[in-house]
Amino acid sequence: MGTKKAYDGHGSLKYFIIIAVFGILCRFSSFGNPLINVDEGFYLFVGGDMLHGAIPFVDVWDRKPLGLFILYAFFHLFGPYRLWAYQIGALASVCLTGIVAMKMARSVASATGALFAALLYVAWLDLAGGEGGQSPVFYNLLVGCAMLNIVRLISAEKLTQAEIIKRGSMAMLLFGLSLQIKYTTVFEGCFAGIFLGYILRQNRFSWPATGRYLALFATIALLPTVMVGGAYWLCGYGSQWWFANILSIFCRSKEPPAILAYNFMNIALLIGPLFLNIFLQVILCRNRSVVQRRCAFFFNAWSVCAVIGVFLIGEWYNHYAIPAFLPLSIASASLFASPVGRIWLVVLLGLGTVKGQAMVLENQKNNGNARTVHHVLDVISKQKGCLFIYNGSAVFYDFLPPCRLTDHPFPGHFDSIVENRATGMDPATEVRNVLRKNPTYIMTYTPPRVDENEAVRAIVYDRIRQAYTEAYRERQGNAFLVLYRLDDHLNP
């Protein structure tokens, strides 16, 4: 199974255009939708809040790293076009990641096989709620570039020690930056470090030298996070940063067993078809060069590591699978050399694309779209006042004048039983404090979810029954988004 080391510029441009056009088609129906996912709506809101002086983890609480909010603060600079900015930014990141995937897959497959790897990655994102700006959509680009440096080392005919240190350092710096988008890249970062240690030993580095360089690589990877934590410490906010970024994730409780089982099944179905390709290689791809076998081993090992990371994190929400899609797609590329494998990849890509588009439309049905935002804002515009989102997307905050009711504006920190003791505040006490301020509007969903914090919901609905009237209701899947307005005699 032969491959070319490189392909001409005209061929490269052709493949890049195909990836870009395919990416646009896969994500077209999501453009301009503010309600793709509650997470990215919150990131955009916090990014805008930062531009007005808010300090993440201090003035507005969450456990995502600072780098993610800085990224969304950049998108917020586009003002009225900020939604399009982050969604086009996400599209660009996806297409660039696809190009990086194709470059890596070229070490084990033909140009067309490598292209299929890139297209598989792009298509599979829609299956897992990755049609917008979820954090892996951005950090997978950094992870891919990091791993490309290691692939260059594996496939090089001759290596100098300086080249190993240079590419290894670059890879770990990229992993360090990815940690500031989301800390879960630590699993793949550790794998990369271990593999770099293997490369060092294979190239006659002594054990002491290997240890020293691995310590250097680890230091480089941790440097961005240490710098951020150090900056917070120097400003007197070290404890807030430490709790939000390091400790709070371990304070979360587990989802109810029924939800965990459902989530596990979904994520297994997302990963399973791509993971199967690793085993199909053994049967269908026997005629490989030495370099191809080395690269294939690396991609397979990376895939296994990424999948293990997905399942170790727990909760198993669909978008948690996105980091595994990149190595699994690359590992699938070599199947294109086999007639049977080629048919399988075509079928897989076709089914993934069609099902992905169906899921994007289903998500819009269940979560709402731009029309939902327009209708809600139209209701609020008739009687302006503060909005409290008990359950819903924080992106609504981003379209309204600032009204700081709480330093925990992410609705999930109130309504989810999983977060009851994990955010540094007691949600029942905090929601009482919010309700005492008589927000003009309260947004909720009904009926309650299985994993909802019943005590907090009871407090909210007691107050709604006392002082609020329904102002807007919209069906979303099996639930209703409901907006309540404070009764006139209580509204100042």
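Residue numbering for the sequence shown follows the numbering used here, starting at 9 and increasing by one per position. Cβ atoms here follow ideal geometry from the backbone N, Cα and C, with glycine treated the same way.
- With a floor of 4 residues, list each alpha helix (DSSP H) that falls wholly inside the stretch 419 to 500, ordered by position along the chain. 420 to 423, 435 to 444, 462 to 475
- Please report how far the alpha carbon of Pro42 lies from the alpha carbon of Tyr492, in whole angstroms. 21 angstroms
- Alpha-carbon spacing of Ala487 relative to Asn375, whole angstroms: 10 angstroms
- Message: Less than 7 angstroms between the C-beta atoms of Phe77 and Tyr94, yes or no?
- Response: no
- Status (buried if at least 16 other CB within 10 Å, exposed otherwise) for Cys243: exposed
- Message: Since Asp406 and Gly56 should fall inside the 8 angstroms C-beta cutoff, what is the C-beta to C-beta distance between them, to a whole number of angstroms?
- Response: 6 angstroms
- Query: Helix, strand or coil for Phe24 per DSSP?
  - Reply: helix
- Between the Cα of Trp392 and the Cα atoms of Val490, Pro409, Phe36, which residue gives the shortest distance? In the sequence as displayed, the identity of residue 392 is Lys instead of Trp. If we check each option's Cα against that of Lys392, Pro409 comes out closest.
- Query: Start and end of the alpha helix (DSSP H) containing Leu504?
  - Reply: Lying before the first or after the last residue shown, residue 504 is absent from the chain, which here runs from 9 to 500.
- Would you grab the beta carbon distance between Ala98 and Val151 for me? Rounded to a whole angstrom, and I think it's under 8 angstroms. With 8 angstroms as the limit, Ala98 and Val151 do not qualify as a contact, their Cβ atoms being about 16 angstroms apart.
- Message: For the alpha helix (DSSP H) containing Leu85, name the first residue and the last one.
- Response: Unbroken run through Leu85: none, as it is neither H nor E.
- Message: Pop quiz: Tyr191 and Ile275 are said to be a contact at Cβ under 8 angstroms. What is the actual Cβ separation, rounded to whole angstroms?
- Response: Incorrect: roughly 19 angstroms between the Cβ atoms, too far for contact.
- Task: Might you give, ordered along the chain, the residues of its own chain that have their beta carbon closer than 7 angstroms to the beta carbon of Leu167, omitting 5 neighbours on each side?
- Result: Leu161, Asn211
- Is the stretch 295 to 313 close to the stretch 232 to 248, with three or more CB pairs under 8 angstroms? no
- Cβ neighbour criterion (16 or more within 10 Å) applied to Gln169: exposed
- Segments of 4+ residues assigned as alpha helix (DSSP H) that fall wholly inside the stretch 327 to 371: 330 to 340
- Message: Bridge partners for Phe396 per DSSP, in chain order?
- Response: Ile450
- Task: Consult DSSP for Val68 and reduce its assignment to one of helix, strand or coil.
- Result: strand
- Message: Excluding the 5 residues flanking Pro228 on each side, which residues of the same chain have their C-beta closer than 7 angstroms to its C-beta?
- Response: Note that residue 228 is Ile in the sequence shown here, rather than Pro. Excluding residues within five positions, the ones whose Cβ falls inside 7 angstroms are Ser177, Met180, Leu181, Gly184.
- Message: Tell me which residue opens and which closes the alpha helix (DSSP H) that Leu2 is part of.
- Response: Any answer about residue 2 is impossible in this case: the structure gives the chain only from 9 up to 500.
- Query: Do the CB positions of Leu278 and Ala131 come within less than 7 angstroms of each other?
  - Reply: no
- Message: Rounded to whole angstroms, what is the Cα-Cα separation between Leu489 and Leu356?
- Response: 36 angstroms
- Message: Quick check on DSSP: helix, strand or coil for Gly322?
- Response: coil
- Beta-carbon proximity check, Gln248 vs Val66, cutoff 7 angstroms: yes
- Task: Measure the alpha-carbon distance for Leu336 versus Ile286 and round it to whole angstroms.
- Result: 8 angstroms
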